[in-house]
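*Asks:* In this note's numbering, the protein residues as written are 7 to 286.
Just so you know, even glycine gets a beta-carbon here, dropped at the ideal spot from N, CA and C.
Being a predicted model, the structure only gives us computed values, none of them experimental.
So that we are looking at the same thing, I have put the structure below in structure tokens.
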């Protein structure tokens with residue numbers, strides 16, 4: 007049984023992520039936890055913070071949130087074909103969103119978080135507090151980021167960008183093997199460099215470890231040279247018709263170049279292609 011956390015602010019983006027998740031896990035036994043957090047951030051004004059009473063929290067925040075969650079469950083049952091493998095639970099919290107998500111990940115033994123985002127602009131705003139950006143960098147849990155324009159289709163092409171500078175343990179890469187097993191997909195392992203150069207000894211060793219781990223699956227290595235990493239990703243996504251991009255958060259520098267660059271106006275994969283972010 008897989009435990010899936012679905013944070014929602016009741017926006018169109020979060021609804022799109024919920025629908026995507028239901029299709030993504032269509033064949034699996036799942037507990038879905040719909041979480042709405044009334045953030046304490048909104049109560050801080052200037053240098054002062056207003057602390058509401060417990061009664062105010064209940065009447066102004068908790069009760070309306072619970073009502074909206076019940077409506078959301080009804081929308082799920084009305085819009086998506088019922089699946090006997092899926093169970094739904096609602097959660098409300100009055101806290102900072104990262105603290106709340108960390109707590110529920112721990113208490114509910116969450117396997118994966120699925121979140122919606124406004125694509126490139128949403129990730130760019132990580133610097134000033136994007137929820138999606140915060141979650142994928144600060145919560146150690148596998149996270150699927152579903153952009154605003156992403157629509158689910160069976161995964162056939164999975165891109166795995168890596169610079170081979172770090173080794174990954176089996177547990178970290180397990181979600182990729184699950185994708186390959188359940189979705190009958192092909193893995194495209196992508197290495198991009200600014201200048202054409204052979205792999206060093208350590209990189210070659212790490213490449214061999216990845217090759218050994220995915221030996222039983224359909225995979226291929228791709229080596230590209232481009233001075234701009236995000237442009238290379240864009241070209242590769244378009245040429246291979248990539249359905250999902252998988253990255254390991256451990257490799258933070260490489261990871262940030264792809265997710266948190268500033269040239270968002272020329273990049274479309276952020277608004278269309280889901281990102282699966284893996285943590286150790």
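Tell me the residue span of the beta strand (DSSP E) that contains residue 241.
*Replies:* That residue, residue 241, is in no beta strand (DSSP E); its alpha helix (DSSP H) goes 235-246.
*Asks:* To the nearest angstrom, how far is it from the Cα of residue 132 to the Cα of residue 141?
*Replies:* Only weak support exists for where residue 132 lies, its pLDDT of 38 falling under 50; the value from the coordinates is given anyway. Between residue 132 and residue 141, the C-alpha separation is close to 10 Å.
*Asks:* Which value, in whole angstroms, describes the spacing of the CA atoms of residue 222 and residue 138?
*Replies:* The alpha-carbon atoms of residue 222 and residue 138 are separated by roughly 33 Å.
*Asks:* For residue 51, count neighbouring Cβ atoms within 10 angstroms of its own Cβ and tell me buried if that reaches 16, exposed if not.
*Replies:* For residue 51, the pLDDT reaches just 48, beneath the cut-off of 50, and the residue's location in the model is therefore unreliable, leaving the point undetermined.
*Asks:* Less than 8 Å separating the beta-carbons of residue 252 and residue 215?
*Replies:* Result no, Cβ atoms of residue 252 and residue 215 do not sit closer than 8 Å.
*Asks:* According to DSSP, is residue 205 helix, strand or coil?
*Replies:* The answer is coil: DSSP assigns residue 205 none of H, G, I, E or B.
*Asks:* Express the C-alpha separation of residue 188 and residue 198 in angstroms, rounding to a whole number.
*Replies:* When rounded, the distance between both Cα atoms is 28 Å.
*Asks:* Answer with buried or exposed for residue 242, where buried requires no fewer than 16 other C-beta atoms within 10 angstroms of its C-beta.
*Replies:* Buried, since its Cβ has 16 or more Cβ neighbours within 10 Å.
*Asks:* Please state whether DSSP places residue 174 in a helix, a strand or coil.
*Replies:* If DSSP states are grouped into helix, strand and coil, residue 174 belongs with coil.
*Asks:* Excluding five sequence neighbours on each side, which residues of the same chain lie with their C-beta closer than 8 Å to the C-beta of residue 7?
*Replies:* Once the five neighbours on either side are set aside, the close Cβ partners of residue 7 are 35, 36, 37.
*Asks:* Distance, Cα to Cα, residue 23 vs residue 12?
*Replies:* One C-alpha to the other measures close to 8 Å.
*Asks:* If you check the beta carbons only, do residue 118 and residue 150 fall under 8 Å apart?
*Replies:* Against a cut-off of 8 Å, the Cβ pair of residue 150 and residue 118 comes out as a contact.
*Asks:* Considering residue 13, what are the terminal residues of the beta strand (DSSP E) in which it resides?
*Replies:* Counting along the chain, the beta strand (DSSP E) containing residue 13 begins and ends at 8-13.
*Asks:* Who are the Cβ neighbours of residue 81 in its own chain at under 8 Å, not counting the five residues just before and after it?
*Replies:* The answer, listed in chain order, is 21.
*Asks:* Give me the Cα-Cα distance between residue 25 and residue 86, rounded to the nearest whole angstrom.
*Replies:* Distance between the alpha carbons of residue 25 and residue 86 is about 8 Å.
*Asks:* Would you give the residue range spanned by the beta strand (DSSP E) that residue 163 belongs to?
*Replies:* Element bounds for residue 163: 163-167.
*Asks:* Output the distance between the C-alpha atoms of residue 114 and residue 230, rounded to the nearest integer angstrom.
*Replies:* Cα-Cα distance, rounded: 41 Å.
*Asks:* Cβ atoms of residue 148 and residue 285: under 8 Å apart, would you say?
*Replies:* Closer than 8 Å, so yes.
*Asks:* May I have the straight-line CA-CA distance separating residue 163 from residue 104, to the nearest angstrom?
*Replies:* In a straight line, the C-alpha of residue 163 is about 32 Å away from that of residue 104.
*Asks:* Which value, in whole angstroms, describes the spacing of the CA atoms of residue 31 and residue 184?
*Replies:* When rounded, the distance between both Cα atoms is 11 Å.
*Asks:* Which word fits residue 240, buried or exposed, when buried means at least 16 other C-beta atoms lie within 10 angstroms of its C-beta?
*Replies:* Buried.
*Asks:* To the nearest angstrom, how far is the alpha carbon of residue 39 from that of residue 99?
*Replies:* For residue 39 and residue 99, the distance between alpha carbons rounds to 12 Å.
*Asks:* What are the partner residues of residue 139, as DSSP defines its beta bridges?
*Replies:* Its beta-bridge partners do not exist; DSSP assigns none.
*Asks:* Looking only at DSSP bridge pairs, what is residue 188 linked to?
*Replies:* Beta-bridge pairing links residue 188 to no other residue.
*Asks:* Cα-Cα, which of 154, 84, 250, 68 is closest to residue 17?
*Replies:* Comparing Cα positions, the closest option is 154.
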